[in-house]
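J.:
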Amino acid sequence: MTAVSRSESPKTARGRRSYSLVMGAGLLGVIVVAAILAPWITPYDPLAHDLESILAPPSSDHLLGTDHLGRDVWTRLLYAARLDLLIGVGAVITPFMTGTLLGAVAGYYGGRIDLAVSAATDMLMAFPYYVLIIALVFSLGPGIPSIFIAMAIVAWVSYARIVRGEVLSARGQQYVMAAKTLGYTDLRIIVRHILPNVITQPVTYAMSDIVVIIVGVVTLSYLGLGVPPPTPDWGSMIASGQSFMTTQWQLSTIPGIAVVIVGLSFSLIGDGLTHRLRPE
Amino acid sequence: MTVPPILEARGLAKVFSSRRSVGDVIFRRPTEELQALENVSFQVVRGESLGIVGESGCGKSTLARCLVGLYPPTSGKTVYEGREFETKRALSDRKKIQIVFQDPYSSLNARMTIGQALREVLRVHRVVASERVAARAVELLALVGLDSQIANVYPRQLSGGQRQRVNIARALAVEPEVLIADEPVSALDVSIQAIVLNLLASLREQLGLTLILIAHDLSVVRYLCDRVAVMYMGRIVEIAATEELFEDPRHPYTQALLAAAPSLERKSREDARSIGGDPPSPFDLPEGCPFHPRCPVATDHCATVRPPLESGPSDSVRRAACHYAWAPVAAHHKPLTRGEENLR
Amino acid sequence: MTAPVLQVRDLQVRMSSPRGVVHAVRGVSFDVEAGHTHGIVGESGSGKTTLLRAILGLLPGNATAGGTISVSGRSIPLAGGRSKAVDGVSIVFQEPMTALNPVVRVGLQISEAPRFKLGLGRRAARDRALELMRQVGIPDPGRRFDAYPHELSGGLSQRVLIAIALSAEPKIILCDEPTTALDVTVQDQILKLFRRISEETGVAIVYVTHDLAVVAQTCRTVSVMYAGQFLESGTMEAVFGRPRHPYTLGLLGAVPDVSRGRTPLVAIPGSPPDLVRTGEGCPFLPRCSYALDECAHGVFSLRDLNHHQSTACIRSDSLSGAAPVAEAEAS
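Chains as they are written, first to last, in the numbering used here: chain A, 1 to 280; chain B, 1001 to 1344; chain C, 2001 to 2331.
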């Protein structure tokens, strides 16, 4: 009776999921590499005005043409990717960590701590998400640090709610009971036993949250509250290209497409991760 | 009792209150309370095996969790070798009493290999020197009849019976004196239940373990236990040596439970002692004896006065919580009349 | 002897799955007469649930089936993926709480079939439902008619499910572990109820469970199912009294019983079978202590030993006369 029955993983379903993970990661990888290698890929300075060739159509010199100040659009697109991706990922890290921590503690201990965390999340959830972010950024003054702070204040709520619920149900599971009777410390139980079993949900959510934040930053910049000009950013690029929509449609459309592609790649990764991380 | 008990429950009681939300606090909604255990007392002698039986919601699992220190009791004490355990137990005290849970599928952490889980316990409790940890884990697997290669696999790769043996090995890793098994075989396939039951029996003999077996299945208890306590609605209603209890049950509920248990050997099903009705809601226990609404011999006395768990006149070991367990019904107590529900 | 209400002949069910083709039912044949209760004992993965779904006419869409099933002499369609159960067959599930619609009053759930299937008027359907509730022993049916499922205990919910099963006037009731989730004292009441119903209404009952003792108390005939096929079949007294298959013998020696004291239990080594498994030979071979070389080849189907009993074991002679427990001990 020592035979180990290795359950073969269902190949087709799992294979398709891995495919979406590979696709997403590949797509994102290309974008990230292009963003990092920007100075070597293009010879132009993203901020350099060239009033000789404003609003030039795509050509061999300027792959995607130039904007109303003669700046190379391809160059600005690549440099904007650096910034927007950094903000997207960076702005998720703090809320992810604080939210997961607070949710885990609230769910595990219950009582007053839970009451306090739940009250805070309920209150923050009562405000419309974007309005709250915009209001916070507006009061802190436009700029990247404001975006980080606003996200840190608001975005942890979703993680806390997700993790609290998961921990609450894990707490009643017998593997947690068993860990308690074996005399493990609460810290060990939360970190070694509960979190590895519940982390899938917040991680998957983080993937879609990054997209939300990038779109949020783009929106803020579009409204003039985000990344201050002339720093290249997809949002401000869309905003400034808008006046030339009829003649130079690519100025607004191409950064928009970039946002869509990044969003798609994170969604694919999230989808793939859900199935990869789930214990059978 | 001449031998001092290794473990004693002294008037254990547990009341659960519903979890309160922000709204409940603001609107001062009353907390719902459930009396899961009420004044449960018993003693277990070293090396003995005590069975605790009862139907769902009778409090037997709550009792197990109070004994291992998972739930702090609302009142009462767990006394180990004459010493009261604190509510927040020291690590060295936790080791003394271990538990194996019912569900072999959820009682192991899916993210850890069997070896990791066993080595973790050994390290946390410093049971053996750090260089001996891996070897000891393999020894523990051998103790429960599992191959050393099991150490490298994840729980999902094992069958229910194998997982349950891993659970037993993990509980034994800290070298406990008392092992509580909470429905250890009810989630297993019939053809492999015997493996786990026989393992528990042989470990008891081999290691001198004291065993407390929680089960809804009377046959399992009869197979493994020296003494049996029957619980109903959070209380012990009868406690006696196994054979005495099965041959001559004194409490009407024990009688009903035995009459209702299906058996391969007894053919006649129209047993006069079987009872109707459902167990009452634990949120709303009846006055007097909690069993009186379903009891075939209840009188008006039972509906008002709760019978204590008492021993008989000539017998100091077995106890039953029934006014009429040891004495005939007194003439001035009238049988209860009841509705259709209980006659079915 | 009356003609059997249920006749199953050489039933085969295969289902495609990511792991390969699951051959869940492998040549099962049996009959049940009106007013009789037939037990099917099997462990998890024995194919007993798929067998019930096939009789109910509700195989999943990925299933293909062969053989025939006839109910009251009419053969029923076996194609997978149908959404309508066969007329004359109802089922009682294991979990009474999840088998009832939580937002519909139980009385309406019981009167649904009389109204829409049997075409009774609203008033007549209500009367029929109240009658059924009385028949299954629900106290105070008038009040309980308007109750929602969550207001009922497990035992009462199971009675409601039985009333629903009876409401379409079935010829056959299939029971899928109907008392496993219930307490012992309530289980006892439900088992008695099944007996009374089959006596009163002449309905045939197919009772599927893993619990040998429950089968022993409830059924007149029994089949032991393993790896999608019947290994032994016959009357209760014959199969449990003089088992003629090592698996039955092993099962009887592996479970504790309230009436027995500390008779040692002997576990059956190995694990229950995998229904993806293909190949010939006796399915129980890997776990059998009586196996011979011949057991690895050929097809093992039931053959009659006498009027009361049939077995799939070629060594049944060497098992005969052995008291189940003593023999299992020796192995």
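Note that CB positions come from ideal geometry on N, CA and C, so glycine has one too.
Which bits of chain A does Q1098 of chain B rub up against, with CB to CB less than 8 Å?
T.: Near Q1098 of chain B (Cβ distances below 8 Å), the residues of chain A are T181, L182.
J.: Which chain B residues sit within Cβ distance under 8 Å of A206 of chain A?
T.: Those do not exist, as A206 of chain A stays about 19 Å from chain B at its closest Cβ, beyond 8 Å.
J.: In angstroms, rounded to a whole number, what distance separates the CA positions of G1076 of chain B and M2015 of chain C?
T.: If I take the Cα positions, the gap works out to 56 Å.
J.: Can you tell me which of the three DSSP states T2 of chain A falls into?
T.: In this prediction, T2 of chain A scores a pLDDT of 39, lower than 50, which makes its location untrustworthy; no coordinate-derived value is stated.
J.: Compute the distance between the beta-carbons of A1169 of chain B and I1099 of chain B, then report whether it is under 8 Å.
T.: Not closer than 8 Å, so no.
J.: Are there 16 or more other CB atoms within 10 angstroms of the CB of N2062 of chain C, so buried, or fewer, so exposed?
T.: Exposed.
J.: How would you label S60 of chain A, buried or exposed, when you count the other beta carbons within 10 angstroms and need 16 or more for buried?
T.: Counting Cβ neighbours within 10 Å, S60 of chain A comes out exposed, since fewer than 16 surround it.
J.: Counting Cβ pairs, one atom from each stretch, are 3 or more of them under 8 Å apart for the segment 1239-1259 of chain B and the segment 2240-2250 of chain C?
T.: Touching, no, given that fewer than three Cβ pairs across the two stretches are closer than 8 Å.
J.: Consult DSSP for R1319 of chain B and reduce its assignment to one of helix, strand or coil.
T.: Correct three-state label for R1319 of chain B: strand.
J.: Does P2272 of chain C pass the burial test, meaning 16 or more other C-beta atoms within 10 Å, or should it be called exposed?
T.: Result: buried.
J.: Could you compute how far the alpha carbon of F2145 of chain C sits from the alpha carbon of Q2109 of chain C?
T.: C-alpha separation (whole angstroms): 9 Å.
J.: Exposed or buried, which one is Y205 of chain A when buried takes at least 16 other CB atoms within 10 Å?
T.: It counts as buried.
J.: E2199 of chain C touches chain B at which residues, Cβ-Cβ below 7 Å?
T.: Near E2199 of chain C there are no residues of chain B at all, since even the closest Cβ is about 12 Å away, more than 7 Å.
J.: Please look up how many angstroms separate the CB atoms of H62 of chain A and A56 of chain A, rounded, as I've assumed it's under 8 Å.
T.: H62 of chain A to A56 of chain A, Cβ: 6 Å. Contact.
J.: Take the Cβ of K2117 of chain C as the centre, count every other Cβ of all protein chains shown within 10 Å, and call the residue buried at 16 or more, exposed below.
T.: K2117 of chain C comes out exposed.
J.: Does the beta-carbon distance from I133 of chain A to A150 of chain A come in below 8 Å?
T.: Their beta carbons are under 8 Å apart, which means I133 of chain A touches A150 of chain A by this criterion.
J.: Residues bridged to G2234 of chain C by DSSP?
T.: Its beta-bridge partners are C:V2222, C:Q2309.
J.: Kindly list, in the order they appear in chain B, the residues whose Cβ is closer than 9 Å to that of H2210 of chain C.
T.: Near H2210 of chain C (Cβ distances below 9 Å), the residues of chain B are D1189, V1190.
J.: Taking 8 Å as the threshold (C-beta atoms), are D2031 of chain C and Q2007 of chain C in contact?
T.: Yes; because the gap between Cβ atoms is below 8 Å, this pair is in contact.
J.: With H, G and I counted as helix, E and B as strand and the rest as coil, what does DSSP make of V2160 of chain C?
T.: If DSSP states are grouped into helix, strand and coil, V2160 of chain C belongs with the helices.
J.: Who are the Cβ neighbours of V1174 of chain B in its own chain at under 7 Å, not counting the five residues just before and after it?
T.: Only K1095, Q1098, V1121, H1125, V1127 meet the Cβ criterion.
J.: How would you list, in chain order, the residues of chain B whose beta-carbon sits under 7 Å from the beta-carbon of R2262 of chain C?
T.: In chain order: Y1223.
J.: If you draw a straight line from the alpha carbon of V2028 of chain C to that of A104 of chain A, how long is it in whole angstroms?
T.: Distance between the alpha carbons of V2028 of chain C and A104 of chain A: 52 Å.
J.: If we cut at 8 Å on Cβ distances, does L1012 of chain B have a partner in chain A?
T.: It does not: the Cβ of L1012 of chain B has no partner Cβ on chain A nearer than 8 Å.
J.: If we define contact as Cβ-Cβ less than 8 Å, is F1016 of chain B a contact residue for chain A?
T.: Cβ-Cβ to chain A under 8 Å: no for F1016 of chain B.
J.: Starting from the Cα of V137 of chain A, find the closest Cα among A:I147, A:I41, A:G29 and give me that residue.
T.: Answer by Cα proximity: A:I147.
J.: Taking 8 Å as the threshold (beta carbon to beta carbon), is E1341 of chain B in contact with chain C?
T.: Bear in mind that a pLDDT of 44 at E1341 of chain B, under 50, signals an unreliable position, so the number given afterwards is only what the model happens to contain. At least one chain C Cβ lies under 8 Å of E1341 of chain B.
J.: Under a three-way DSSP split, which group does S1017 of chain B fall into?
T.: It is a strand residue.
J.: Under a Cβ-count criterion, where at least 16 other Cβ atoms within 10 Å of its own Cβ denotes burial, should S5 of chain A be classed as buried or exposed?
T.: Only weak support exists for where S5 of chain A lies, its pLDDT of 41 falling under 50; the value from the coordinates is given anyway. Exposed, since its Cβ has fewer than 16 Cβ neighbours within 10 Å.
J.: Report, in whole angstroms, the separation of the C-beta atoms of S2316 of chain C and L2305 of chain C, which I expect to be a contact under 8 Å.
T.: Their Cβ separation, rounded to whole angstroms, is 6 Å, which keeps S2316 of chain C and L2305 of chain C in contact under 8 Å.
J.: Does the beta carbon of Y159 of chain A come closer than 8 Å to any beta carbon on chain B?
T.: No, because no Cβ of chain B sits closer than 8 Å to the Cβ of Y159 of chain A.
J.: By the 8 Å beta-carbon criterion, what residues does the segment 1062-1093 of chain B contribute toward chain A?
T.: Cβ contacts with chain A come from R1065, V1068, G1069, L1070, R1089, L1091.
J.: Tell me whether W40 of chain A is buried or exposed, calling it buried when 16 or more other Cβ atoms sit within 10 Å of its Cβ.
T.: Exposed, because fewer than 16 other Cβ atoms sit within 10 Å of the Cβ of W40 of chain A.
J.: For a cutoff of 8 Å on Cβ pairs, would you count S1056 of chain B as touching chain A?
T.: It does not; no Cβ of chain A falls within 8 Å.
J.: Thinking C-alpha only, which one of C:V2136, C:I2205, C:P2256, C:Y2148 is nearest I2190 of chain C?
T.: Nearest of C:V2136, C:I2205, C:P2256, C:Y2148 to I2190 of chain C, Cα basis: C:V2136.
J.: State the Cα-Cα distance for the pair I2055 of chain C and Y1080 of chain B, rounded to the nearest angstrom.
T.: Near 57 Å, if we compare the C-alpha coordinates of Y1080 of chain B and I2055 of chain C.
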